Each structure stands twice: as C-alpha cells, then as structure tokens.
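Numbering (the working numbering), first residue to last: 30 to 451.
Where a beta carbon is used, it is the ideal one built from N, C-alpha and C, also for glycine.
No experiment lies behind these values; they were computed from the predicted model shown.
Scroll down for the structure; my scribbles are underneath it.
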Ligand code: GLU
C-alpha cells in the first residue's frame, strides 16, 4: 500500500525518488526483498513552531524533521528554510541523504528538516526565535548519536550555532556534535562552507577527464549562486573554465567572455543576487537554459531541468549541485541525447562528507588543517565516483542508477544483517 500521508506525482520530489528506487531493483539481487524499506521513511515528525514577532503578533510556522533511514548510523542531513517547503519535499530530501551518505560510505543514515517560512521576511531576532523553538520541538529525535542536522537552503553557521546552543541548554551539556556546519570557533570544520562546491568541482573534473572534455576554456553555466554555486564557479574559474551564465532568484546574467568572479562574488554578497552585475548583460530567465556551454551546474532547487529544458540544453556535462534538480523524464532525455549527468547523490556529497569530518573532529576534540580536509575530501569523492563509474560500466546504466545501486546495496545489506526487531 502506498503511504497515505503524501500524494506524489511523477515529477514531484517523492515521486521522482520512488522512480529512481524502482529503476535500481533489477540490480539488487536477493536484497530486492528489502526494497520496500527504502520507500517508507522510518520516522516523520511534523511540528508547530510558534514565535512572538517583533510587532507583538504570534506567528505559527510548520516544521519537519524526517529520518528516512537509521540503518547505517545516525540520521544526517540539513535543515532548509523556504516558503515552498512541504512534508513531501523533506521526505525526498531525507531519502536522497540516505542514498548520498551510503554512496560515499559515510557511517550515517539519512534525514532532513525544514520550516515552511520565507526567512528573508524575518528580523534576526525572529529568525533566532524560530530556530530555537524548532530545535526544541525536534529535540526529542536529534542528538550527536541520533540525528545530526546541518545547513541547507537559507540556513548557515549562525543558525547552526543557535541550534547547538538550544540543544545543549535543553540537555544540560555542551554538545558540539549535534549539528555540523557550525562556526569555526564553536567546533566547526575548516573547509566546510565551500565543501559542497568543492565536491561538485572534484566530481566534475573527474567526469570531464573521462569524457575527454577540456576544462581549460570550457564554458560553464551555473543556476543558483549561493554557497554551492558560487564555490563551484570559483573552483572551475581557477581551473581555467569560463563562467558565462548565472541565474538565481533575482534574475539571469550572461557574458560570452566570462564573468570576473572576483567582482561577481562580492556583488552577490552585497546585493543578495546576481541581478544588476555590471560585468554582464541581463538575460531572460528561460533563455538561460539555451546558453551555449559545455558544463551546466544546477545548484538551486528541485525540478529545474524539466523535459522541455532537457531537450534544449547545449551542455555535454550536467553537474547536480542541487538536490533533485532533474525530473525522471528529463533524466531519460539527457541520457538519450548523450549528455552526461553526475547525479546529486554523488555530485553534491562533498558537503556532508566534510560534515562527517566535523562530527569526527568534535568527538575527538582534535582539529585538522584545511589542506588535510580538502585532500581527504578529494580522495573520498574520487574513490566513490570510481566505484559508481565501474558499476555503471558493468551494467550499462546511468551514473544515477549506478549510484543508487551502490548505495541501496549498502543500506539493504546492513538492513538484512541487522534483521527485523522487535
Ligand atoms: N544540506 C547538505 C546536503 O544536502 C549537507 C547535509 C549535511 O552536511 O548533513 O547534502
């Protein structure tokens, strides 16, 4: 029986995830017996988050924390603040965390949280109250050994500091390991902020090498110029690529000769978006998908590469910095057109990998250098991608299905060994 509490469609996030799981069943052998486990989140918590606003009103927000799987270790995954957050979206994001963590072989299950709110409408004081009340409400299921939140869309190190403090005050002991992505002076890890973008670059570099795409001089388009998109763009720029187009919630910009990132990055920090950047022309949002480029990096939200856009894309390589940016129908079109997709569940795993390093450093109270972190990150991402590539070659399947095959096998083998109890 399908779950009664969500109504997925073929291109909604949970629907997309279910299709991805169905595609992997033929490669699971006898472990396929356990596959239904992956189609049901272990634990789903919905909380009311009431706060007193600066003007005295009492406002209520809907919050979620979904623990999709705790089979391979504690839950792990970010918390997203966005007005369009829904339970169904958080379920899919939590499931993609299970796959991602298993694909990179981190000792974690998968979880995700979110609040249905536009944080840009809140004062700093209201944002702090929202974060603290939400943390208290989900406090019954999170913890350094239970479930470890982290930043995601519209959440950052300050929000993690408030979460860590609230959890610590409520439990009576300083627990730095309850969240990752914290400020450096509070048990955060060097390299964490840029880790997701770095992972996008590392997997992109490896994929480009395999398809004989020269990075020097390659044209790159980036959707989303937040933490992930901007860091990936900078690393590609340093490697000799030309960033010709960028799009975010403020608009789309284009420059055939490439942006000067040393000017664009501060412009985005100062104004909140790419729109109005003096070193580029404004461009129509839909035309962004027609831009002449070799590498497309969707690093914003879900379902951006629709079937129609997949038919028009000029790139040879798509690097999924975002979670779930490509719908299943679009995925098939890209595969048919010979456009290689490095899927989210490996491409953007750099963030959670350095979150894992942060969690380990917090437990051992011994901190690594940034070089050490970047080196270990590179090694883990390259090794994980190699195994996925071999699996794809062996079965003649896409990198996405191969990543699911590697990850689901790990999750379900653990499930089988643990057995059903009680
Ligand atoms: N939000 C990030 C992701 O989607 C990082 C999660 C984490 O570090 O736990 O992978």
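When the Cα atoms are used, residue 403 and residue 440 turn out to be separated by approximately 27 Å. Secondary structure within the segment 205-246: the alpha helix (DSSP H) runs of 4 or more consecutive residues, fully enclosed, are 224-239 (chain order).
Rounded to whole angstroms, the gap between the alpha carbons of residue 329 and residue 224 is 16 Å. Of all C-beta pairs linking the segment 378-397 to the segment 318-332, fewer than three are shorter than 8 Å, placing the two stretches out of contact. With 16 or more other CB atoms across the displayed protein chains lying within 10 angstroms of its CB, residue 120 is buried. Separation of residue 208 and residue 368 (C-alpha to C-alpha, rounded to the nearest whole angstrom) is 37 Å. Counting only runs of 4 or more residues that sit fully inside the segment 141-198, the alpha helix (DSSP H) segments are 153-167, in chain order. Within the segment 79-120, complete alpha helix (DSSP H) segments of at least 4 residues are not found at all. Ranked by Cα distance from residue 146, the first of 130, 113, 384 and 432 is 113. Every beta strand (DSSP E) stretch that sits fully inside the segment 236-301 and reaches 3 residues is listed by chain position as 248-252, 271-277 and 280-283. In terms of Cα proximity to residue 250, the closest of 215, 309, 325 and 382 is 325.
Considering only 442, 345 and 308, the residue with the shortest C-alpha distance to residue 319 is 345. In the three-state reduction of the DSSP assignment, residue 67 falls in the helix class.
With distances taken between CA atoms, residue 103 lies nearest to 170 out of 362, 170, 189 and 54. Residue 140 is not a Cβ neighbour of residue 413, given a cutoff of 7 Å. Collapsing the DSSP output to three states places residue 363 in a helix. For residue 380, the CB falls within less than 6 Å of some heavy atom of ligand 1. Bounds of the beta strand (DSSP E) holding residue 327 are 324-327.
The segment 346-361 makes no contact with the segment 71-88, as fewer than three CB pairs between them are under 8 Å.
At least one heavy atom of ligand 1 lies less than 6 Å from the C-beta of residue 181.
Between residue 219 and residue 382, the alpha-carbon positions lie close to 13 Å from each other. Residue 101 is a Cβ neighbour of residue 443, given a cutoff of 7 Å. Here DSSP, grouped into helix, strand and coil, assigns residue 139 to strand. Fully contained in the segment 335-423 are the following alpha helix (DSSP H) runs of length 4 or more, in chain order: 336-341, 357-365, 373-376 and 379-393.
Distance from the C-beta of residue 301 to the nearest heavy atom of ligand 1 is not below 6 Å. Sequence-distant partners of residue 306 (beyond 5 residues in either direction) whose C-beta falls short of 6 Å from its own C-beta, in its chain, are 282, 293 and 296. Excluding residues up to 5 positions away in sequence, 49, 360, 370 and 372 lie with their Cβ nearer than 7 Å to the Cβ of residue 429 in the same chain. Between the segment 199-207 and the segment 171-184 there are three or more inter-stretch CB-CB distances shorter than 8 Å, so the stretches are counted as touching.
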